[in-house]
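The next block holds one structure in the form of C-alpha coordinates; read it before the comments.
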Amino acid sequence: YMRRKCQECRLRKCKQMGMLAECLLTEIQCKSKRLRKNTKASPGQSTGDETEGADNTDNKQVTSTTKLSKEKVEITKEQQALMKVILDAYNRHQIPQDMAKKLLQDQYSAEENFLLLTEMATSQVQVLVEFTKNIPGFLTLDREDQIALLKGSAVEAMFLRSAQVFSRKMPNGHTEVLEERIRKSGISEEFITPMFNFYKSIGELHMMQEEQALLTTITIL
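Be aware that the sequence shown starts at 605, since it is given in my numbering, and climbs by one per residue.
Have a look at this one:
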(Lines of atoms letter the chains of each structure in order from A and count residues from 1; the text may use other names and numbers.)
(Lines give C-alpha, C1' and ligand atoms only; values in the text may rest on other atoms or scores of the structure.)
Protein backbone atom coordinates (compact mmCIF):
# COMPACT_ATOMS: atom_id res chain seq x y z
CA TYR A 1 0.00 0.00 0.00
CA MET A 2 2.73 2.46 1.01
CA ARG A 3 4.78 1.79 -2.11
CA ARG A 4 1.75 2.28 -4.36
CA LYS A 5 0.92 5.49 -2.52
CA CYS A 6 4.28 7.21 -3.04
CA GLN A 7 7.41 5.52 -4.38
CA GLU A 8 9.61 8.50 -3.54
CA CYS A 9 8.52 8.43 0.12
CA ARG A 10 9.06 4.67 0.22
CA LEU A 11 12.59 5.01 -1.19
CA ARG A 12 13.47 7.81 1.22
CA LYS A 13 12.19 5.77 4.16
CA CYS A 14 14.20 2.72 3.08
CA LYS A 15 17.38 4.81 2.86
CA GLN A 16 16.70 6.24 6.33
CA MET A 17 16.42 2.68 7.63
CA GLY A 18 19.91 1.93 6.27
CA MET A 19 19.31 0.45 2.83
CA LEU A 20 22.43 0.68 0.67
CA ALA A 21 22.29 2.59 -2.60
CA GLU A 22 24.28 -0.22 -4.25
CA CYS A 23 21.29 -2.54 -3.87
CA LEU A 24 18.94 -0.34 -5.88
CA LEU A 25 17.98 -1.74 -9.25
CA THR A 26 18.72 0.40 -12.26
CA GLU A 27 15.98 1.33 -14.71
CA ILE A 28 17.44 -1.12 -17.23
CA GLN A 29 17.30 -3.96 -14.68
CA CYS A 30 13.70 -3.08 -13.80
CA LYS A 31 12.70 -3.10 -17.45
CA SER A 32 14.50 -6.40 -17.97
CA LYS A 33 12.59 -8.02 -15.10
CA ARG A 34 9.28 -6.71 -16.40
CA LEU A 35 10.13 -7.99 -19.87
CA ARG A 36 10.94 -11.47 -18.57
CA LYS A 37 7.72 -11.50 -16.55
CA ASN A 38 5.65 -10.47 -19.57
CA THR A 39 7.37 -13.07 -21.74
CA LYS A 40 6.51 -15.83 -19.29
CA ALA A 41 2.90 -14.66 -19.15
CA SER A 42 2.50 -14.45 -22.96
CA PRO A 43 -0.10 -16.84 -24.41
CA GLY A 44 0.67 -19.34 -27.15
CA GLN A 45 4.10 -20.22 -25.78
CA SER A 46 3.17 -23.47 -24.08
CA THR A 47 4.69 -26.77 -25.17
CA GLY A 48 3.20 -30.22 -25.22
CA ASP A 49 4.61 -30.98 -21.79
CA GLU A 50 3.02 -27.84 -20.37
CA THR A 51 -0.33 -28.75 -21.91
CA GLU A 52 -0.13 -32.21 -20.42
CA GLY A 53 0.30 -30.74 -16.93
CA ALA A 54 -2.27 -28.00 -17.35
CA ASP A 55 -4.90 -29.90 -15.38
CA ASN A 56 -2.68 -29.84 -12.32
CA THR A 57 -2.08 -26.12 -11.90
CA ASP A 58 -1.05 -26.39 -8.25
CA ASN A 59 1.93 -28.64 -9.03
CA LYS A 60 4.41 -26.03 -10.25
CA GLN A 61 7.47 -27.05 -8.25
CA VAL A 62 10.62 -28.34 -9.92
CA THR A 63 12.49 -30.90 -7.85
CA SER A 64 15.43 -31.35 -10.22
CA THR A 65 16.59 -30.29 -13.65
CA THR A 66 19.32 -32.90 -13.97
CA LYS A 67 19.40 -36.68 -14.04
CA LEU A 68 20.78 -38.57 -11.08
CA SER A 69 24.30 -39.82 -11.60
CA LYS A 70 26.02 -42.68 -9.79
CA GLU A 71 29.43 -41.33 -10.74
CA LYS A 72 31.43 -40.36 -7.69
CA VAL A 73 32.68 -36.78 -7.78
CA GLU A 74 36.10 -36.22 -6.25
CA ILE A 75 36.73 -32.85 -4.62
CA THR A 76 40.29 -31.59 -4.68
CA LYS A 77 42.05 -30.15 -1.66
CA GLU A 78 41.93 -26.71 -3.28
CA GLN A 79 38.17 -27.00 -3.72
CA GLN A 80 37.76 -28.16 -0.13
CA ALA A 81 39.76 -25.17 1.10
CA LEU A 82 37.66 -22.82 -1.04
CA MET A 83 34.43 -24.32 0.31
CA LYS A 84 35.68 -23.92 3.88
CA VAL A 85 36.43 -20.22 3.33
CA ILE A 86 32.95 -19.66 1.88
CA LEU A 87 31.23 -21.66 4.64
CA ASP A 88 33.12 -19.84 7.40
CA ALA A 89 32.12 -16.48 5.91
CA TYR A 90 28.52 -17.65 5.55
CA ASN A 91 28.35 -18.73 9.19
CA ARG A 92 29.94 -15.51 10.44
CA HIS A 93 27.46 -13.29 8.65
CA GLN A 94 24.01 -14.52 9.63
CA ILE A 95 20.72 -12.73 10.18
CA PRO A 96 20.18 -12.38 13.96
CA GLN A 97 17.81 -15.13 15.06
CA ASP A 98 15.86 -12.82 17.36
CA MET A 99 15.09 -10.54 14.42
CA ALA A 100 12.48 -12.91 12.98
CA LYS A 101 11.17 -13.77 16.45
CA LYS A 102 10.16 -10.16 17.01
CA LEU A 103 7.13 -10.80 14.84
CA LEU A 104 6.05 -13.55 17.25
CA GLN A 105 6.37 -11.75 20.56
CA ASP A 106 3.36 -9.43 20.57
CA GLN A 107 0.36 -8.42 18.53
CA TYR A 108 1.32 -5.66 16.13
CA SER A 109 -0.66 -3.43 13.85
CA ALA A 110 -0.22 -3.69 10.09
CA GLU A 111 2.07 -0.65 10.12
CA GLU A 112 4.20 -2.04 12.95
CA ASN A 113 4.47 -5.38 11.13
CA PHE A 114 5.60 -3.53 8.01
CA LEU A 115 8.26 -1.60 9.94
CA LEU A 116 9.59 -4.82 11.46
CA LEU A 117 9.79 -6.42 8.03
CA THR A 118 11.66 -3.35 6.78
CA GLU A 119 14.10 -3.72 9.67
CA MET A 120 14.61 -7.38 8.78
CA ALA A 121 15.22 -6.50 5.13
CA THR A 122 17.79 -3.89 6.12
CA SER A 123 19.59 -6.42 8.30
CA GLN A 124 19.56 -8.92 5.44
CA VAL A 125 21.15 -6.44 3.05
CA GLN A 126 23.92 -5.64 5.54
CA VAL A 127 24.62 -9.33 6.18
CA LEU A 128 24.60 -10.10 2.47
CA VAL A 129 27.08 -7.32 1.66
CA GLU A 130 29.49 -8.44 4.40
CA PHE A 131 29.26 -12.07 3.25
CA THR A 132 29.85 -11.06 -0.37
CA LYS A 133 33.00 -9.15 0.57
CA ASN A 134 34.42 -12.41 1.96
CA ILE A 135 33.79 -14.47 -1.17
CA PRO A 136 37.29 -15.33 -2.48
CA GLY A 137 38.23 -13.04 -5.34
CA PHE A 138 35.26 -10.70 -5.05
CA LEU A 139 37.23 -7.72 -3.75
CA THR A 140 39.74 -8.08 -6.58
CA LEU A 141 37.04 -7.10 -9.07
CA ASP A 142 36.53 -3.52 -10.21
CA ARG A 143 34.21 -1.60 -7.93
CA GLU A 144 31.72 -1.15 -10.77
CA ASP A 145 31.62 -4.92 -11.27
CA GLN A 146 31.15 -5.50 -7.54
CA ILE A 147 28.19 -3.13 -7.48
CA ALA A 148 26.70 -4.68 -10.62
CA LEU A 149 26.91 -8.19 -9.14
CA LEU A 150 25.30 -7.08 -5.89
CA LYS A 151 22.53 -5.20 -7.66
CA GLY A 152 21.77 -8.08 -9.97
CA SER A 153 21.66 -10.76 -7.28
CA ALA A 154 20.57 -9.03 -4.05
CA VAL A 155 16.89 -9.97 -4.26
CA GLU A 156 17.52 -13.63 -5.12
CA ALA A 157 20.26 -14.02 -2.49
CA MET A 158 18.08 -12.40 0.17
CA PHE A 159 15.25 -14.78 -0.66
CA LEU A 160 17.60 -17.74 -0.20
CA ARG A 161 18.78 -16.51 3.18
CA SER A 162 15.23 -15.69 4.27
CA ALA A 163 14.19 -19.21 3.32
CA GLN A 164 16.88 -20.59 5.61
CA VAL A 165 15.65 -18.50 8.54
CA PHE A 166 12.05 -19.48 7.83
CA SER A 167 12.71 -23.23 7.51
CA ARG A 168 15.44 -23.77 10.09
CA LYS A 169 15.59 -21.07 12.74
CA MET A 170 11.94 -20.53 13.57
CA PRO A 171 10.64 -22.48 16.60
CA ASN A 172 8.37 -25.40 15.78
CA GLY A 173 4.82 -24.33 15.05
CA HIS A 174 5.74 -20.66 14.69
CA THR A 175 6.20 -20.52 10.94
CA GLU A 176 2.43 -20.37 10.44
CA VAL A 177 2.21 -17.49 12.93
CA LEU A 178 4.95 -15.59 11.12
CA GLU A 179 3.25 -16.20 7.79
CA GLU A 180 -0.02 -14.82 9.14
CA ARG A 181 1.72 -11.73 10.52
CA ILE A 182 3.38 -11.03 7.18
CA ARG A 183 0.07 -11.46 5.37
CA LYS A 184 -1.37 -8.78 7.67
CA SER A 185 1.48 -6.35 7.07
CA GLY A 186 -0.16 -4.75 4.04
CA ILE A 187 2.06 -6.41 1.43
CA SER A 188 0.18 -7.48 -1.68
CA GLU A 189 -0.95 -11.12 -1.71
CA GLU A 190 0.49 -11.61 -5.20
CA PHE A 191 3.99 -11.25 -3.69
CA ILE A 192 3.38 -13.10 -0.41
CA THR A 193 2.04 -16.39 -1.81
CA PRO A 194 4.96 -17.08 -4.20
CA MET A 195 7.41 -16.07 -1.48
CA PHE A 196 6.12 -18.62 1.02
CA ASN A 197 5.82 -21.28 -1.68
CA PHE A 198 9.51 -20.71 -2.35
CA TYR A 199 10.40 -20.85 1.36
CA LYS A 200 8.56 -24.14 1.79
CA SER A 201 10.11 -25.62 -1.35
CA ILE A 202 13.60 -24.73 -0.12
CA GLY A 203 12.78 -26.27 3.26
CA GLU A 204 11.73 -29.53 1.61
CA LEU A 205 15.17 -29.85 0.03
CA HIS A 206 16.75 -30.17 3.51
CA MET A 207 19.97 -28.57 2.28
CA MET A 208 23.09 -28.68 4.40
CA GLN A 209 24.74 -25.46 5.50
CA GLU A 210 27.49 -26.02 2.93
CA GLU A 211 24.90 -26.27 0.16
CA GLN A 212 23.18 -23.11 1.34
CA ALA A 213 26.48 -21.22 1.35
CA LEU A 214 27.54 -22.43 -2.09
CA LEU A 215 24.12 -21.80 -3.64
CA THR A 216 24.10 -18.24 -2.29
CA THR A 217 27.62 -17.68 -3.63
CA ILE A 218 26.66 -19.00 -7.07
CA THR A 219 23.61 -16.73 -7.08
CA ILE A 220 25.74 -13.67 -6.36
CA LEU A 221 28.44 -14.46 -8.91
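Each residue gets a CB set at the ideal place from its N, CA and C atoms; glycine is no exception. Since this is a predicted model, take the numbers as computed values, not measurements.
Item: Classification of E656 by the beta-carbon crowding that lies within 10 angstroms, buried from 16 upward; Value: Confidence at E656 is low in this model, with a pLDDT of 45, below 50, so its placement is unreliable and no value can be given for it.
Item: Where I679 falls: helix, strand or coil (DSSP); Value: coil
Item: Extent of the continuous alpha helix (DSSP H) run through Q829; Value: This structure does not reach residue 829, given that the chain is present from 605 up to 825, and the question cannot be answered.
Item: Check whether S757 and T823 have beta carbons under 8 Å apart; Value: yes
Item: Any non-hydrogen atom of the ligand ZN within 7 Å of F735 CB; Value: Although the ligand ZN was asked about, the structure shown includes no ligands whatsoever.
Item: C-alpha distance - V677 paired with A761, whole-angstrom precision; Value: 26 Å
Item: Selection from E793, L825, P700 and N642 that minimises the alpha carbon distance to K755; Value: L825
Item: G575, enclosing alpha helix (DSSP H) - first and last residue; Value: Absent from the structure is residue 575, since the part of the chain shown begins at 605 and ends at 825.
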